[in-house]
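Asks: Chains A and B are the protein sequences, given in the same order. Our numbering applies: residue 2 is where the first sequence begins, and numbers increase by one. Our numbering applies: residue 3 is where the second sequence begins, and numbers increase by one. For each residue, glycine too, the CB sits at the ideal point set by N, CA and C.
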Amino acid sequence: MNKGLFTVLENKRIAESVWRLELEGDTAAIKRPGQFVNIELEGFYLRRPLSVCDWEEGRLTLIYKTVGRGTEALSGVEAGRRLDLLTGLGNGYELEPSGARPLLIGGGAGIPPLYGLAKRLLWQGKAPLAILGFNRKRELILAEAFRALGAETIIATADGSAGLKGLATDAVSCAGVYSYVYACGPEPMLKAVYDKTEGSGQFSFEERMGCGFGACMGCSCKTKYGAKRICREGPVLEKEEIIW
Amino acid sequence: MVDLSVELSGIALDNPVIPASGAFGYGYEFAEWYDINILGSIALKGTTREPRFGNDTPRIAECACGLLNSVGLQNPGIEAVLGQELAKLKRVYSKPVIANISGFSVEEYRYCCALADRTEGIGIIEVNISCPNVHDGGMSFGTKPESAYEVTKAVREVCGKPVYMKLSPNVADICEIAAACREGGADGLSLINTLMGMRLDLKTKKPVLANKTGGLSGPAVFPVALRMVWQVYEAVRLPIIGMGGVSSAEDVVEMMLAGATAVQVGAANLKNPYACKEIIERLPKVMEKYGIDSLKGIIGGAH
Chain A
2 MNKGLFTVLE NKRIAESVWR LELEGDTAAI KRPGQFVNIE LEGFYLRRPL SVCDWEEGRL
62 TLIYKTVGRG TEALSGVEAG RRLDLLTGLG NGYELEPSGA RPLLIGGGAG IPPLYGLAKR
122 LLWQGKAPLA ILGFNRKREL ILAEAFRALG AETIIATADG SAGLKGLATD AVSCAGVYSY
182 VYACGPEPML KAVYDKTEGS GQFSFEERMG CGFGACMGCS CKTKYGAKRI CREGPVLEKE
242 EIIW
Chain B
3 MVDLSVELSG IALDNPVIPA SGAFGYGYEF AEWYDINILG SIALKGTTRE PRFGNDTPRI
63 AECACGLLNS VGLQNPGIEA VLGQELAKLK RVYSKPVIAN ISGFSVEEYR YCCALADRTE
123 GIGIIEVNIS CPNVHDGGMS FGTKPESAYE VTKAVREVCG KPVYMKLSPN VADICEIAAA
183 CREGGADGLS LINTLMGMRL DLKTKKPVLA NKTGGLSGPA VFPVALRMVW QVYEAVRLPI
243 IGMGGVSSAE DVVEMMLAGA TAVQVGAANL KNPYACKEII ERLPKVMEKY GIDSLKGIIG
303 GAH
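1) Around the Cβ of Ile106 (chain A), are there at least 16 other Cβ atoms within 10 angstroms (buried) or fewer (exposed)?
2) Hey, is the segment 262-281 of chain B in contact with the segment 10-21 of chain B, meaning 3+ C-beta pairs nearer than 8 Å?
3) Excluding the 5 residues flanking Asp16 (chain B) on each side, which residues of the same chain have their C-beta closer than 7 Å to its C-beta?
4) Leaving aside the five residues before and after Cys212 (chain A) along the sequence, list all residues of the same chain whose C-beta is less than 6 Å from its C-beta, in chain order.
5) Which chain B residues sit within Cβ distance under 8 Å of Met218 (chain A)?
6) Under 9 Å between C-beta atoms, does Phe32 (chain B) make it to chain A?
7) Output needed in chain order: residues of the segment 196-225 of chain A with a Cβ under 9 Å from some Cβ in chain C.
8) Taking 8 Å as the limit between beta carbons, can you name the residues of its chain near Lys197 (chain A), skipping five residues before and five after?
9) Please look up how many angstroms separate the CB atoms of Asn195 (chain B) and Pro171 (chain B), rounded, as I've assumed it's under 8 Å.
10) Mind checking which residues open and close the beta strand (DSSP E) that includes Ala144 (chain A)?
11) Closer than 9 Å, Cβ to any Cβ of chain B: which residues of the segment 34-46 of chain A, in chain order?
12) Please check the pair Gln76 (chain B) and Ala228 (chain A), which I expect to be a contact at CB under 8 Å, by giving their CB distance rounded to whole angstroms.
13) Could you tell me the alpha carbon to alpha carbon distance between Gly186 (chain A) and Cys217 (chain A), rounded to whole angstroms?
14) With 7 Å as the limit, tell me which residues of the segment 245-271 of chain B have their beta carbon closer than that to any beta carbon of chain A; keep them in chain order.
15) Per DSSP, which one or two residues make a beta bridge with Cys114 (chain B)?
16) For chain A, find out if any of its Cβ atoms is closer than 9 Å to the Cβ of Tyr95 (chain B); answer yes or no.
17) Just the C-alpha distance for Glu145 (chain A) and Glu153 (chain A), rounded to the nearest angstrom, thanks.
18) Between the segment 103-113 of chain B and the segment 254-265 of chain B, can you find at least three pairs of beta-carbon atoms closer than 8 Å?
19) Using the three-state DSSP reduction, which class does Asp5 (chain B) fall into: helix, strand or coil?
20) Could you please give the first and the last residue of the uninterrupted beta strand (DSSP E) stretch that includes Ser205 (chain A)?
21) Could you tell me whether the segment 209-225 of chain B touches the segment 64-80 of chain B, where touching means 3 or more Cβ pairs closer than 8 Å?
22) Might you give, ordered along the chain, the residues of its own chain that have their beta carbon closer than 6 Å to the beta carbon of Pro236 (chain A), omitting 5 neighbours on each side?
23) Rounded to a whole number of angstroms, what is the C-alpha to C-alpha distance between Leu272 (chain B) and Gly247 (chain B)?
24) Taking the beta strand (DSSP E) that Ser192 (chain B) falls in, what are its first and last residues?
25) For Arg239 (chain B), which of helix, strand or coil comes out of DSSP?
26) What do you get for Thr8 (chain A), buried or exposed, if any count of 16 or more other CB atoms within 10 angstroms of its CB means buried?
27) Compute the Euclidean distance between the alpha carbons of Gly215 (chain A) and Ser221 (chain A), then round it to the nearest angstrom.
28) Taking 8 Å as the threshold, find out whether the segment 71-88 of chain A comes into contact with the segment 43-53 of chain A through three or more Cβ pairs.
29) Find out if the Cβ-Cβ distance for the pair Pro98 (chain B), Ile38 (chain B) is shorter than 9 Å.
30) Can you confirm whether the segment 54-61 of chain A touches the segment 23-41 of chain A when touching is taken to mean that 3 or more C-beta pairs between the two stretches lie within less than 8 Å?
31) Please tell me whether Arg139 (chain A) has its Cβ less than 9 Å away from any Cβ of chain B.
32) When Cβ atoms are compared, which residues of the segment 145-159 of chain B fall closer than 8 Å to chain A?
33) Give the secondary structure of Thr72 (chain A) by DSSP, where H, G and I count as helix, E and B as strand, and everything else as coil.
34) Please tell me whether Leu87 (chain A) has its Cβ less than 9 Å away from any Cβ of chain B.
35) Helix, strand or coil for Gly299 (chain B)? Go by DSSP, reduced to three states.
36) In chain A, which residues lie less than 9 Å from Ala276 (chain B) when you measure between Cβ atoms?
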């Protein structure tokens, strides 16, 4: 974990209510895809936790949806401004158990951390298959980016305006044989993925947080191995430990 | 050289800054951010006899200048706290710490405080009769003088270590409760716990918190806390640990001038993990600025 100032390089709308924030700063504390950062915003007492989409030395990419006053204020932050971030928070995805052809399944604002994961799985010579679910075409994000990485990518939209018509989970039947499951998205989607996929996997959850680093126990959830803090022992839980 | 040291019921503290219960995990989590041995002491997370998960989520909501929490005393139970959790803290922190005990019956308070009293490394026992987030316990003991007296007396009988009663601001007259605690044999008082509040979500048109209400903390409550420390200092001559929205070295000095012997920092740690460290490092500069040589010398100085 680290606390530091990042400079905004670009903050740009990339789809309906979705923004990409490019930052420059010390990313050394970020160890795994699926971890998150917590951003201080002027005028708000609590920080805003956002999952990491991708990172490299000195450079951080976040993709976020404007869902409330905090993220709306963030979307107004202009290039050149400096933001105070806590980085390297949460456990993130473990790449080790992925097998040769892991299934990455994401819904809407849950897709960004799967991009960083897909990239690193490909670096390890794995062949991830991504299923990306959206409500409609104008909310599409990262579809081309997943393909550009070289990941096999299936798009599903609820209204059929792009890719397959239906939910991300409806596309699982088109996935063929997969070795493992990585999921991120709204909780009803995660539950459907849990029910409709075979074998083991890792699921990333979200919860309203106080601190983001384990101090307040605000975001706890029950698991088969006892209470876990989404911000510290999570946000990624093993499929086998999840209690719905 | 300015003198930051204070003394709480015979326990010497290098400085008056103590992270508050519930806002600092079990302490060792913060050793990943800085060397926590600079802290005056540490108040452990609120502890009950049995393990508790606490309330359903969401249990955090935000407001201007603060937050609401309805965690509801999540903890692994007194044995695990004084066992595993304290052991982990002792590896990274060498000073006496403050146990924070809650209960749902007088007997439970007595049982847990007796255990804490026998545990090496616990310097002070802070008895929480003011948690707004649990039903049939917590705050219900701290809102009536009779039950506050009853818990204090029961705990006093089984404790040789200093007993500090942590009081609720959600009362008509906090001095009356403080006086009852003194009658029961309290060595000192911790004030204040959070103020009960709520927020609604305009999308769902329902409360944000699953528990509906929660405890307000952060800078928003500082003036309320300061006023209560002031009043209780005048009414009941017992040492006070002042808390409620303390976020800066200036706030620490203000709280001590109002009558606090030491100060706890809660919500500020959640926004900035370095909050206590920055306050301690800035205290000498603030003391110099206001011509203060010794913090001990300013306790209650505003009266």
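Replies: Judging by the given coordinates:
1) To locate residue 106 (chain A), count along the first sequence from 1; it is residue 105. Buried: at least 16 other Cβ atoms inside 10 Å.
2) yes
3) Walking along the second sequence from the start, residue 16 (chain B) turns up at place 14. Only Leu6, Ser7 and Gly42 meet the Cβ criterion.
4) Locating residue 212 (chain A) in the first sequence gives position 211, counting from the first residue. Taken in chain order, the list of residues that qualify is empty.
5) Within the first sequence, numbered from 1, the residue matching residue 218 (chain A) stands at position 217. The answer, in chain order, is Gly24, Gly27, Lys47, Gly56, Val73 and Gln76.
6) The residue you call residue 32 (chain B) lines up with position 30 of the second sequence. Yes, Phe32 (chain B) counts as interfacial toward chain A.
7) In summary, chain C is missing from the structure at hand, where the protein chains are A and B.
8) Looking up residue 197 (chain A) in the first sequence gives position 196. Within the same chain, Lys197 (chain A) has close Cβ partners Thr170 and Val173.
9) Position 193 of the second sequence, counted from the first residue, corresponds to residue 195 (chain B). Position 169 of the second sequence, counted from the first residue, corresponds to residue 171 (chain B). At roughly 7 Å, the Cβ-Cβ gap stays under 8 Å, so Asn195 (chain B) and Pro171 (chain B) are in contact.
10) Taking the first sequence and counting its residues from 1, one reaches residue 144 (chain A) at position 143. No beta strand (DSSP E) holds Ala144 (chain A); the alpha helix (DSSP H) holding it covers Ala144 to Leu150.
11) Glu41, Gly44, Phe45 and Tyr46
12) The count along the second sequence starts at 1 and reaches residue 76 (chain B) at position 74. The count along the first sequence starts at 1 and reaches residue 228 (chain A) at position 227. Correct: roughly 7 Å between the Cβ atoms.
13) Position 185 of the first sequence, counting from 1, holds the residue named residue 186 (chain A). Position 216 of the first sequence, counting from 1, holds the residue named residue 217 (chain A). One C-alpha to the other measures close to 24 Å.
14) Asn271
15) Locating residue 114 (chain B) in the second sequence gives position 112, counting from the first residue. None; Cys114 (chain B) has no bridge partner.
16) Mapped onto the second sequence, residue 95 (chain B) falls at position 93. With 9 Å as the cut-off, Tyr95 (chain B) does not count as an interface residue toward chain A.
17) Locating residue 145 (chain A) in the first sequence gives position 144, where the first residue counts as 1. Locating residue 153 (chain A) in the first sequence gives position 152, where the first residue counts as 1. Answer to the nearest angstrom: the Cα atoms are 11 Å apart.
18) no
19) Mapped onto the second sequence, residue 5 (chain B) falls at position 3. In this structure, Asp5 (chain B) counts as strand in the three-state DSSP scheme.
20) Here residue 205 (chain A) refers to the residue found at position 204 of the first sequence. Where Ser205 (chain A) is concerned, the enclosing beta strand (DSSP E) stretches over Gly202 to Ser205.
21) yes
22) The residue given as residue 236 (chain A) occupies position 235 in the first sequence. The answer, listed in chain order, is Gly91, Ser205 and Phe206.
23) In the second sequence, counting from the first residue as 1, residue 272 (chain B) sits at position 270. In the second sequence, counting from the first residue as 1, residue 247 (chain B) sits at position 245. Spanning the two alpha carbons is a distance of roughly 12 Å.
24) Locating residue 192 (chain B) in the second sequence gives position 190, where the first residue counts as 1. Here the beta strand (DSSP E) through Ser192 (chain B) covers Gly190 to Leu193.
25) On the second sequence, position 237 is the one that residue 239 (chain B) refers to. DSSP places Arg239 (chain B) in coil when its eight states are reduced to three.
26) Translated into positions along the first sequence, residue 8 (chain A) becomes position 7. Result: exposed.
27) Counting from 1 along the first sequence, the entry for residue 215 (chain A) is found at position 214. Counting from 1 along the first sequence, the entry for residue 221 (chain A) is found at position 220. Cα-Cα distance, rounded: 9 Å.
28) yes
29) Here residue 98 (chain B) refers to the residue found at position 96 when the second sequence is read from its first residue. Here residue 38 (chain B) refers to the residue found at position 36 when the second sequence is read from its first residue. The answer is no: Cβ separation not under 9 Å.
30) yes
31) Here residue 139 (chain A) corresponds to residue number 138 of the first sequence, with the count starting at 1. No, Arg139 (chain A) does not count as interfacial toward chain B.
32) none
33) As a first step, residue 72 (chain A) must be located in the first sequence, where it is residue number 71. Helix, per DSSP.
34) Stepping through the first sequence from its first residue, residue 87 (chain A) is reached at position 86. Yes, contact with chain B.
35) If you number the second sequence from 1, residue 299 (chain B) lands on position 297. In the structure shown, Gly299 (chain B) sits in a helix (DSSP, three-state: H, G or I).
36) As a working mapping, residue 276 (chain B) is identified with position 274 in the second sequence. For clarity, residue 276 (chain B) is Tyr in the given sequence; the question names Ala instead. Within 9 Å Cβ-Cβ: Lys4.
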